[in-house]
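Let me begin by presenting the structure, written as structure tokens, before commenting on it.
Protein chains: 2
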Amino acid sequence: MTSTPAPPHAPARESAAPVPDDRPADVVADVVVVGGGGGGLPTALFSRWLGNEVVLLEKADVLGGTARKAAFWYWVPANEPMRAAGIADEEPDFLRYVARLARPTAYDPESPTLGLSPWEYDMCRAIYASASPAAELLAERGALEYRHCAGVPDYWSELPEDKAPTGRVLVPAGARESMSDGGLVAVASMSAAASRDGVDVRTGHRVQRLVTRDGAVVGVEATTADGRTSRVAARKAVVFATGGFTHDVDLRRNFLHAPVYGGCAASTNEGDFLAIAGPVGAQLRNMNYAWMCPIPLEKAVARDPGMSGMFSVAGDSMVFVDKTGRRVVNEKLQYNELAQRFFAYDGDRGEYPHLVLVQVWDQRSQDHSASDEYGRLIVPPGTDDAHVIRGETLEELSAAIARRLERYRGVTGGLTLAPDFAATLRQTIERFNGFAERGVDEDFHRGEKPVQLLFNGVVKDEPGRTNPTMWPISDRGPYYAALVTGGTLDTKGGPRTNPDGQVLDDTGTPVPGLYGVGNCVASASAQAYWAGGATLGPIIAFAHRAAQAADREPVREPAAAPSSQLTPA
Amino acid sequence: MTSTPAPPHAPARESAAPVPDDRPADVVADVVVVGGGGGGLPTALFSRWLGNEVVLLEKADVLGGTARKAAFWYWVPANEPMRAAGIADEEPDFLRYVARLARPTAYDPESPTLGLSPWEYDMCRAIYASASPAAELLAERGALEYRHCAGVPDYWSELPEDKAPTGRVLVPAGARESMSDGGLVAVASMSAAASRDGVDVRTGHRVQRLVTRDGAVVGVEATTADGRTSRVAARKAVVFATGGFTHDVDLRRNFLHAPVYGGCAASTNEGDFLAIAGPVGAQLRNMNYAWMCPIPLEKAVARDPGMSGMFSVAGDSMVFVDKTGRRVVNEKLQYNELAQRFFAYDGDRGEYPHLVLVQVWDQRSQDHSASDEYGRLIVPPGTDDAHVIRGETLEELSAAIARRLERYRGVTGGLTLAPDFAATLRQTIERFNGFAERGVDEDFHRGEKPVQLLFNGVVKDEPGRTNPTMWPISDRGPYYAALVTGGTLDTKGGPRTNPDGQVLDDTGTPVPGLYGVGNCVASASAQAYWAGGATLGPIIAFAHRAAQAADREPVREPAAAPSSQLTPA
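Protein sequences appear in the order of chains A and B. With numbering that gives the first Met the number 0, the residue at position 492 of the first sequence is 491, and numbering never jumps. With numbering that gives the first Met the number 0, the residue at position 438 of the second sequence is 437, and numbering never jumps.
In structure tokens:
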């Protein structure tokens with residue numbers, strides 16, 4: 000994720016109670032897409048290419064949502080370059096891999112659904128079936144050309160269930176070599192295609208509620224910053240692609256499995272669709288899990304809209320320590336799993352002892368591993384380094400860390416460093432340095448998996464070393480530190496849809512005319528982060544399926560005259 | 000919790016879409032209470048005592064719900080016996096204690112709401128204000144007389160925030176000395192009062208949906224086993240007290256913070272109110288946390304309706320070990336916190352290494368600590384001991400455990416014992432025995448807190464021993480074992496209500512005529528289990544408040560004639 004400016008003020012949330020189709024709409028289209036990010040843009044394009052009139056309503060003043068900040072890898076099983084290269088990626092293998100990770104405590108290779116619920120199983124099959132056709136169509140139409148990341152491994156490529164450990168990741172063709180600007184490239188490219196092909200894009204529109212008639216969704220009402228309410232009618236369908244609820248504190252606290260501090264989703268991702276979909280009977284699923292990543296504590300508390308998750312923890316002469324000064328985690332663990340570690344609970348003391356960890360590094364890592372990409376905390380000169388804490392000695396550094404933590408007592412449950420933090424830190428570094436010299440992390444297995452090498456970042460070349468993730472931390476200062484906690488890229492729960500993106504009511508029946516795609520609806524991935532792009536690959540697949548199903552909806556002509564069709568609630 | 004027979008077949012769930020008030024009701028009352036357990040019975044009584052006609056609809060064929068199985072402690076701050084004894088329990092102190100534990104990462108003694116959300120803070124104040132008046136009124140009317148458990152400590156009595164560490168717990172006056180039958184006593188007593196005072200109790204009625212008129216709730220529809228649908232009109236209010244969603248697998252998987260196997264709530268607790276309340280705009284809160292407890296794996300998988308949570312892990316010559324044979328937890332940790340430990344996640348392996356633990360004990364604990372109360376696994380001769388695994392030696396026992404686990408591979412993610420389990424278990428016992436001899440558990444601090452002694456159960460008298468929770472495990476067999484995992488007593492999330500129990504819509508406005516009490520609505524306790532009875536004490540407080548507020552509702556006379564008031568949805 001790269002930095003973006005703070006979004007402009009969006010209209011405030013209003014009542015989400017649906018309104019009847021009792022007056023003419025201000026705008027009419029076949030398909031109304033709500034949200035113009037990584038889910039909404041492809042949905043609008045796919046719908047338009049099927050011949051529909053499409054209006055796209057975006058809450059922010061720019062398109063792109065969270066995708067703007069992303070590298071925009073997209074994970075596409077059995078993709079065209081794999082097929083061309085003869086790399087096998089059969090559906091049964093794919094399903095075992097995804098089921099093993101989505102529901103590890105329920106995974107059963109002998110079960111007809113592999114331990115997934117029937118709904119989850121069907122959704123995973125839909126990903127397999129549609130991700131590649133969707134990606135190919137976007138490329139063919141010039142909306143999103145890609146290059147194949149043949150060498151990028153899945154995040155659990157070492158599991159026996161992963162029969163296609165590399166090759167499923169695509170990235171926008173125009174992204175730079177490090178791929179960190181993939182999202183900007185993708186958003187620009189899809190936006191240009193939307194403009195070229197006649198999608199009616201309206202930014203600054205916050206959708207507040209549904210318009211319904213005889214149990215069907217026939218439009219929405221949106222408000223704009225000038226205080227006006229527009230009614231937008233949909234002859235066929237409304238497709239929500241409004242993102243998750245990362246930026247609603249109450250929703251985070253009351254649904255997520257861990258007390259996270261925030262995340263790097265677009266700041267417009269406030270879970271609007273949850274309240275909007277409730278009145279038509281939508282049932283929420285996968286509300287407990289999220290796409291997770293470590294985040295810098297201070298930017299999260301400041302609600303910095305440009306904050307990036309730490310997708311890659313750079314540096315070799317670098318460790319994470321807890322408030323006692325001890326290492327408690329493999330710092331190179333893949334970001335979704337690394338983020339879980341902050342929320343280990345101590346039931347004896349009633350606290351989260353790793354809620355805030357301290358990244359510590361030396362001048363070597365500062366000189367050779369600084370980067371402003373992927374949310375790294377070791378940043379180059381001239382970039383924002385307000386989060387960096389310095390000390391000439393470990394004792395000075397420790398005192399500075401203690402002072403910095405003092406600022407955050409009110410939001411960390413009163414977290415302070417242990418009195419002997421500096422001494423313990425010194426012991427920790429000695430132990431780590433021994434591991435680094437031998438290239439083997441006996442405590443946490445740092446650098447032992449392909450994905451950990453993938454995200455190691457640039458380190459100083461050291462010919463002959465076997466483990467490039469570790470190097471002894473210098474016995475001379477200066478030293479550096481930064482405060483880290485766990486957060487979300489975005490959440491992944493919401494109304495349950497069927498594999499065609501149709502929102503289901505409490506009896507499992509589609510709500511006519513209502514669709515959802517992306518992080519605003521329930522992901523069948525449950526707790527898994529299968530691979531880089533396991534967010535956007537499935538999202539593009541479901542965008543394609545939803546657009547096709549919406550295209551087949553019967554036409555419901557909007558109300559023609561005011562008041563004549565008044566339908567009391 | 001004590002054992003109860005399997006409940007009879009209840010009517011199946013139907014569509015929860017509300018229906019308009021378009022035909023005369025089959026039954027009319029002022030207040031309709033849905034659910035006849037620990038929340039519904041007091042609500043019905045309080046409403047009746049205010050002069051209302053009350054109908055109580057219960058899904059099961061018997062009253063009592065989860066309360067039937069409970070010890071029915073109720074936690075009442077500043078209760079009458081405390082006041083009579085001059086024990087101070089001031090509101091500011093109470094609030095700091097509950098806030099510290101509900102939201103440990105947000106707790107801030109300097110914050111006006113102590114780090115709670117304003118809603119949580121107001122709800123906690125309501126508990127303080129109303130628990131004692133509610134308990135007194137139930138006692139005065141002869142519906143629920145109590146005795147004061149002066150010596151029972153809060154579950155975190157050692158925290159500096161707990162200024163009234165003992166004295167807040169009441170128990171039904173007629174409960175036996177061990178208190179395990181308190182729920183049966185309370186249900187019988189409140190049911191008798193309901194009958195005496197003219198509450199119209201109808202069991203075997205599953206409420207399916209609301210009846211609404213002009214945005215107000217004016218009744219419900221319920222189905223019975225014979226396939227009939229009854230419409231029950233409420234002139235003033237409908238109060239749901241239908242319990243949590245412990246027995247809906249999809250809801251558990253998609254909301255709870257941990258992948259639990261089930262729980263010991265009444266088997267009718269299937270989360271019915273979630274779907275019923277959604278269409279009127281209810282917003283769900285505290286869906287991630289639950290009242291948790293360890294449960295026997297085998298009874299949970301078998302969905303044994305008589306299963307009890309393990310509220311007290313008996314035995315001194317007894318340990319829990321993981322699949323490698325190592326101790327990983329303080330076995331005497333208070334049950335809610337002990338249950339969390341099963342769900343520690345290993346992000347390096349993508350698994351829950353402690354998902355199933357093995358309780359191991361010797362003949363001494365079998366002879367001296369067997370009990371059929373509180374879900375204990377060391378049971379006396381003549382009781383159901385199908386969960387007990389035996390071996391004359393540790394090797395025999397280990398082999399038997401491995402065979403038992405093999406049966407559950409399909410529901411444990413393929414869990415197996417490590418090949419050297421028996422050898423590691425032997426080392427673990429040696430280490431534990433050293434701790435037991437010295438009375439100090441250097442690894443997990445067993446027996447160091449008052450609550451751990453409270454739940455230690457009966458152990459063989461050993462004059463002079465300092466730590467009654469530990470005794471060396473014999474070097475001679477026979478040995479015994481049982482499989483344990485984490486579960487729920489019940490969940491504690493649902494629609495958000497105000498402190499008067501009124502269900503709030505997405506704008507925070509009460510839905511006219513709709514109330515909720517107990518585990519079917521959101522608890523402000525968040526992740527905390529403050530004390531024994533921290534479930535039922537607040538529930539009785541909110542029952543009282545809801546009954547009072549419902550009594551003040553304007554009267555909405557039900558539809559008089561068929562079809563004349565037809566209101567299309």
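Virtual Cβ for every residue (Gly too), placed ideally from N, Cα, C.
- Query: Among the residues of its own chain, which have a CB less than 8 Å from the CB of P379(B), if the five just before and after it don't count?
  - Reply: A369, S370 and D371
- Contact set between G493(B) and chain A, taken where Cβ atoms lie within less than 9 Å: None at all; the shortest Cβ gap to chain A is about 11 Å.
- Quick one: measure Cβ to Cβ for P164(A) and P152(A), integer angstroms, because I've assumed they're closer than 8 Å. 5 Å
- Would the beta-carbon of H367(B) fall within 7 Å of that of A481(B)? no
- Message: Please report the straight-line C-alpha distance between V75(A) and L136(A), rounded to a whole angstrom.
- Response: Approximately 13 Å between the Cα atoms of the pair.
- Message: So if DSSP puts W290(B) in a beta bridge, which residue, or which two residues, is it bridged to?
- Response: D489(B)
- Message: Any C-beta of chain A within less than 9 Å: which residues of the stretch 142 to 174 of chain B qualify?
- Response: W155 and L158
- Is the distance from the Cβ of I388(A) to the Cβ of I428(A) below 7 Å? The answer is no: Cβ separation not under 7 Å.
- Message: Taking only three categories from DSSP, how would you classify A401(B)?
- Response: helix
- Message: For a test of the three-state rule: what should DSSP assign to P511(B), helix, strand or coil?
- Response: strand
- Do the CB positions of F417(B) and K322(B) come within less than 7 Å of each other? The question names Phe, but residue 417(B) is Ala in the sequence shown. The answer is yes: Cβ separation under 7 Å.
- At what residues does the alpha helix (DSSP H) containing P80(B) begin and finish? E79 to A83
- Query: To which residues of the same chain is S2(B) closer than 6 Å at the C-beta, ignoring the five residues directly before and after it?
  - Reply: Residue placement at S2(B) is flagged as unreliable, the pLDDT there being 40, under the threshold of 50; the coordinate-derived value follows with that caveat. Only G305 meet the Cβ criterion.
- Closest by C-alpha distance to D442(A), when choosing among L55(A), F319(A), E119(A) and Q526(A): Answer by Cα proximity: F319(A).
- 7 Å Cβ cutoff met for N287(B) and F254(A): yes
- Item | Against chain A: residues of the stretch 451 to 468 of chain B by CB proximity under 7 Å | none
- Is the shortest distance between the beta-carbon of P349(B) and the beta-carbons of chain A less than 7 Å? A small fix is needed here, since residue 349(B) is Gly in this sequence, not Pro. Chain A, which has a Cβ nearer than 7 Å to the Cβ of G349(B), makes this yes.
- If you follow the beta strand (DSSP E) that A28(B) is part of, which residue opens it and which one closes it? V26 to V33
- Message: Can you tell me whether W360(A) is helix, strand or coil according to DSSP?
- Response: The answer is strand: DSSP assigns W360(A) an E or B state.
- Task: Buried or exposed for T267(B), please, with buried defined as at least 16 other CB atoms from any protein chain shown within 10 angstroms of its CB.
- Result: buried
- Would the beta-carbon of F86(A) fall within 7 Å of that of G36(A)? The amino acid at residue 86(A) is misidentified as Phe; the sequence shows Ile. Their beta carbons are not under 7 Å apart, which means I86(A) does not touch G36(A) by this criterion.
- Among all the DSSP beta bridges, which residues are the ones paired with R208(B)? For R208(B), which the question treats as bridged, DSSP gives the partners E220(B).
- Item | R403(B) versus R445(A): straight-line alpha-carbon distance, rounded | The straight-line gap from Cα to Cα measures roughly 35 Å.
- Task: Note down, in chain order, each residue of its chain lying with its Cβ closer than 6 Å to the Cβ of E144(A), except the 5 sequence neighbours on either side.
- Result: A138 and A172
- Select from the stretch 360 to 384 of chain A all residues with a C-beta closer than 9 Å to any C-beta belonging to chain B, and list them in chain order. none
- Between P108(B) and E157(B), what straight-line distance do the alpha-carbon atoms span, to the nearest angstrom? Distance between the alpha carbons of P108(B) and E157(B) is about 18 Å.
- L209(A) at chain B interface by Cβ criterion, 7 Å: Not one chain B Cβ lies under 7 Å of L209(A).
- Of the residues R146(A), F541(A) and A548(A), the one placed nearest L169(A), counting alpha carbons only: R146(A)
- Query: Are the beta-carbon atoms belonging to A299(A) and Y260(A) less than 7 Å from one another?
  - Reply: yes
- Looking only at C-alpha atoms, which of V32(A), V54(A) and D247(A) sits nearest to G500(A)? Of the listed residues, the one whose Cα sits closest to G500(A) is V32(A).
- From what residue to what residue does the alpha helix (DSSP H) around K298(A) run? L296 to V300
- Rounded straight-line distance, which links the Cα of Y154(A) to that of K331(A): 12 Å
- Assuming P19(B) and T211(B) make a contact with CB atoms under 8 Å, what is their CB distance in whole Å? About 7 Å separates the two Cβ atoms, so the contact holds.
- Query: Does the beta-carbon distance from G531(A) to W72(A) come in below 7 Å?
  - Reply: In this structure, W72(A) lies closer than 7 Å to G531(A) by Cβ.
- Item | Closest by C-alpha distance to S307(B), when choosing among L273(B), E269(B), A264(B) and E336(B) | A264(B)
- Give, in chain order, every residue of the stretch 109 to 121 of chain A whose Cβ lies closer than 7 Å to some Cβ of chain D. This model lacks chain D altogether; the protein chains it does include are A and B.
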